[in-house]
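Everything below concerns the one structure shown next.
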Amino acid sequence: MKQVNMAISSLTHAHVRKYYATLHENPKLNWVAVSCANEYVANDFKKYGYDIPIYMSTEEMLQEHPEIEGVVIASENDCHYMEMELCCKYGKDILSMKIPTFDLEEYDRMIKMTDDNDIICQVELEMHYNATCRKAIELARSGEIGDIVSFNATNITLSPVWAFPWQGVPEKSYGKRMPIRDNDKRFRGGALSDHPHIFDMLRWCTDSEFDYVFADVADNIRDIKVEDVLYITGQMKNGCKFLLDPSWSRHEEKLERPGPGWEVFPKRMEVNFSIVGTKGVIQADCFGPNVYFNGGPNNRYTVQYTYFDEWIGMMDEFYNCILNRQQPKINLKWHRKTIEAMVRCYDSIAYEKPIYIK
Amino acid sequence: MDNQFIPKLSMMVEKYSLADNFQAELESGAVKISCNKGNYRFFYDFNRKMSEDKFINLPLYHWQSKRRYIELRNILQNNFIGQPVAMRIQHMVSPNEFINSLKDIIIFESNLVEFVTNQKIEQVFSDFYGDTYVNCIMSTTGNIKISMELGLLPEGSEPVLLHEIVGKKGIASDVVVDTQTQQYPIYVFKGKEIQTYTDIDNELFGLDNTQIDCIRFIMWVLEDTCRKDALYANYIYMQKVYNAALKANDTVNYTYVED
Chain A
0 MKQVNMAISS LTHAHVRKYY ATLHENPKLN WVAVSCANEY VANDFKKYGY DIPIYMSTEE
60 MLQEHPEIEG VVIASENDCH YMEMELCCKY GKDILSMKIP TFDLEEYDRM IKMTDDNDII
120 CQVELEMHYN ATCRKAIELA RSGEIGDIVS FNATNITLSP VWAFPWQGVP EKSYGKRMPI
180 RDNDKRFRGG ALSDHPHIFD MLRWCTDSEF DYVFADVADN IRDIKVEDVL YITGQMKNGC
240 KFLLDPSWSR HEEKLERPGP GWEVFPKRME VNFSIVGTKG VIQADCFGPN VYFNGGPNNR
300 YTVQYTYFDE WIGMMDEFYN CILNRQQPKI NLKWHRKTIE AMVRCYDSIA YEKPIYIK
Chain B
0 MDNQFIPKLS MMVEKYSLAD NFQAELESGA VKISCNKGNY RFFYDFNRKM SEDKFINLPL
60 YHWQSKRRYI ELRNILQNNF IGQPVAMRIQ HMVSPNEFIN SLKDIIIFES NLVEFVTNQK
120 IEQVFSDFYG DTYVNCIMST TGNIKISMEL GLLPEGSEPV LLHEIVGKKG IASDVVVDTQ
180 TQQYPIYVFK GKEIQTYTDI DNELFGLDNT QIDCIRFIMW VLEDTCRKDA LYANYIYMQK
240 VYNAALKAND TVNYTYVED
């Protein structure tokens, strides 16, 4: 079995711990090196005990290890373009975080850059590899509930801003400082920017693109600069309705390092669907049922998740794409319409009206 | 309403000395009562125009007597979850005696929002799929944002019901964490058949829970009939919320409720 040589850059993204585990455990992947955005991140990585070379610059890592074939760009959103440029320069295939960029012109330059350099670029939308999600969407698409009338989904989590502060910094998460709307002290770049999955699932399930979006934002439940609770509704071009909740509406302890006791509400994260058809409804919980305990650091009743194998399927696809020089299903071009819809949701909040998408 | 409703209602009115000379009868979509405190028609079919006669027409907001909703309101009133900022509602059920149309569900849930939050709905965005399904986003006078998935399901479907309130300190919900469906106090497993029972009210044991809520709501009005004016005014306002939803659907705009 041929191994693919992998590296992870920056290590500042909230999902990076998943990549540590996946690269460590997947025998098809040979974990070569990591680059760290700063000393704090490097020291944190050392605590995990992996015997992996650490570099303080992604470019230095790529120069030192020409054998690297693929790079997981696990950086803050505003660093993705720069890191993609480096990967293109050194001819490395890319696994991009879920938000390549919210700047659509920059996004188009990313597409061109990877195309011009024959770089495989997969976007990490791991829900595609979640079995419950896959089954629910297969059922809906097969006509099990008749024609799909509305696709409603939650992607509700606690907020990662205390452990990953950049997610509360508008310039880093959204790419620039844009007020959420007039006479509001908050900026774009919060919960919505963290939750593209349900937009993507909606497109997958309906096989259609966005016609219009309408969004409204609630008052924040946290004292942060970006939005944390919002609702979105709208219609796809095929007439299917949708209602999405991508909020950080679950409270958390302000831990600097995610771990036991992080959650205040027993279930720290959910992705649930109610897919309404002309003949019935599919209700799906992509992360349940689970096991439960009380105790832990804060003696709280807590949901202990039992299924988390999305990263295995995702990395298997990335591996196959590198080996066979194929573009993955979730590539930059596919994902652009999801990103555009999310930007239009911010526009809808700003202008307080529905936004149509051509 | 079944044939136990009137006897049970009369029994409760007498037991708690709520009225003298009490008489009640059923008509389609309504309960008519006559007593020393007046003549009232409590209607729960919000699509029918009620007769204009000697009976004062009042909406039968039976959900306001349901313990789970009263307790959600208490959670907010007692500041257990801090200032509420958002509320998420799912209400998809098979048509039944109390829910026959989207209008019935919109009035149910809009009034419930006002009952639980003690705020008025001010703005509505909606997107209807015919007369069977609608998505809404609403905003209250206190800037609570509400999302609603409302619909009518094929006959015999399990209900999809959720009321979740997001507060600055915590979450209140009427659905158990990590579950998706309604829980019942009693399950009977017999081969392929699963039988559920919903008995929760010993005083009115044996009656359907919504009918129990209807009785308790009528009792609440009879306790103090001055409540009728606010009740009727609220129903007029609920009609305006519904009209705002229709207008929002037609114009695709975030629509203010005309007051």
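If you read the sequences in order, they're chains A and B. In terms of numbering that gives the first Met the number 0, the first sequence is numbered consecutively and its last residue is 357. In terms of numbering that gives the first Met the number 0, the second sequence is numbered consecutively and its last residue is 258. Positions of the beta carbon are idealized from the N, C-alpha and C atoms, including for glycine.
- Within 7 angstroms (strictly less), CB to CB, does proline 153 (chain B) reach chain A? yes
Where do the ends of the beta strand (DSSP E) carrying tyrosine 47 (chain A) lie?
-> From DSSP, tyrosine 47 (chain A) is part of no beta strand (DSSP E); its letter is neither H nor E.
Item to complete: Can you pull the chain B residues whose beta carbon is under 7 angstroms from the beta carbon of threonine 232 (chain A), in chain order?
Response: Phe124, Asp126, Asn134, Ile136
Pair within 7 angstroms by beta-carbon distance, glutamate 68 (chain A) and valine 3 (chain A):
yes
- prompt: With a cut-off of 7 angstroms, does the C-beta of proline 444 (chain A) fall near any C-beta of chain B?
  reply: Not covered by the structure: residue 444 (chain A). The range shown for chain A is 0 to 357.
- Query: In whole angstroms, what separates the C-alpha of glutamine 194 (chain B) from that of glycine 169 (chain B)?
  - Reply: 35 angstroms
query: Cα separation between tyrosine 196 (chain B) and aspartate 212 (chain B)?
result: 17 angstroms
So which residues on chain B does lysine 288 (chain A) lean against when the C-beta distance must stay under 7 angstroms? According to the sequence as given, residue 288 (chain A) is proline; it is not lysine. Correct list: Asp177.
| query | Comparing alpha-carbon positions, which option in A:Ser207, A:Val290, A:Phe163, A:Ile223 lies nearest valine 176 (chain B)? | reply | A:Val290
Practice problem: Compute the distance between the beta-carbons of valine 275 (chain A) and serine 149 (chain A), then report whether it is under 7 angstroms. | Solution: yes
**Asked** In three-state DSSP terms, what is glycine 295 (chain A)?
**Response** coil
* Asked: Going along the region 82-105 of chain B in order, which residues come within less than 8 angstroms of chain A, judged by CB to CB distance?
  -> Gln82, Val84, Ala85, Arg87, Gln89, Met91
query: Can you name, in chain order, every residue of its own chain whose Cβ lies under 7 angstroms from the Cβ of isoleucine 120 (chain B), other than the five neighbours on each side?
result: Ser109, Val112, Glu113, Met137, Thr139, Val240, Val256
- Message: For a cutoff of 7 angstroms on Cβ pairs, would you count serine 146 (chain B) as touching chain A?
- Response: yes
- Query: When burial is assigned at 16 or more other CB atoms within 10 Å of the CB, is methionine 0 (chain A) buried or exposed?
  - Reply: exposed
Going by the CB atoms, is the gap between leucine 160 (chain B) and histidine 90 (chain B) shorter than 7 angstroms?
yes
query: Taking Cβ positions only, does glycine 150 (chain B) come closer than 7 angstroms to chain A?
result: yes
Open item on the list: I need the DSSP call for lysine 91 (chain A), collapsed to helix, strand or coil.
Closed with: coil
Counting contacts by CB-CB distance shorter than 7 angstroms, is glutamine 282 (chain A) in contact with chain B? yes
Practice problem: Give, in chain order, every residue of the region 129-147 of chain A whose Cβ lies closer than 7 angstroms to some Cβ of chain B. | Solution: none
Self-check item: Against chain B: residues of the region 252-286 of chain A by CB proximity under 9 angstroms
Solution: Val263, Phe264, Pro265, Lys266, Glu269, Asn271, Ser273, Val275, Thr277, Lys278, Gly279, Val280, Gln282, Ala283, Asp284, Phe286
Q.
When you compare the CB positions of phenylalanine 45 (chain B) and isoleucine 106 (chain B), do they come within less than 7 angstroms of one another, or not?
A. yes
Could you list which residues in chain A have their beta carbon closer than 9 angstroms to that of lysine 253 (chain B), in chain order? In the sequence as displayed, the identity of residue 253 (chain B) is tyrosine instead of lysine. Here the neighbours are Phe213, Asp215, Glu351, Lys352, Pro353.
Original post:
Would you say proline 169 (chain A) and valine 225 (chain A) are within 7 angstroms of each other, going by their C-beta atoms?
Top reply: yes
Legend entry - Near-chain B residues of the region 217-230 of chain A (beta-carbon distance less than 7 angstroms), N- to C-terminal order: Ala217, Asp218, Ile220, Val228, Tyr230
Practice item. Give every residue of the same chain whose Cβ lies closer than 8 angstroms to the Cβ of arginine 133 (chain A), excluding the five residues on either side of it in the sequence, and list them in chain order. Key: His127
message: Let me check one thing: in DSSP terms, what residues is asparagine 154 (chain A) bridge-paired to?
response: A:Val270
When you check each C-beta in the region 227-245 of chain B against every C-beta of chain A, which residues fall closer than 7 angstroms? none
- Item | Cα-Cα separation, serine 156 (chain B) to threonine 301 (chain A) | 31 angstroms
*asked:* Looking only at its chain, what residues have a beta carbon closer than 6 angstroms to the beta carbon of threonine 232 (chain A), apart from the 5 residues adjacent to it on each side?
replied: Phe213, Leu242
Item to complete: Give the residues from the region 291-313 of chain A that approach chain B closer than 9 angstroms (Cβ to any Cβ), ordered along the chain.
Response: Tyr291, Tyr300, Val302
Could you check if threonine 180 (chain B) is buried or exposed, using at least 16 other CB atoms within 10 Å of its CB as the buried criterion? exposed
Using a beta-carbon distance cut-off of less than 9 angstroms, what residues from the region 167-193 of chain B approach chain A?
-> Lys167, Lys168, Gly169, Ile170, Val176, Asp177, Thr178, Gln179, Thr180
For cysteine 132 (chain A), three-class secondary structure by DSSP: helix
| task | To the nearest angstrom, report how far apart glutamate 208 (chain A) and tyrosine 128 (chain B) are at their CA atoms. | result | 18 angstroms
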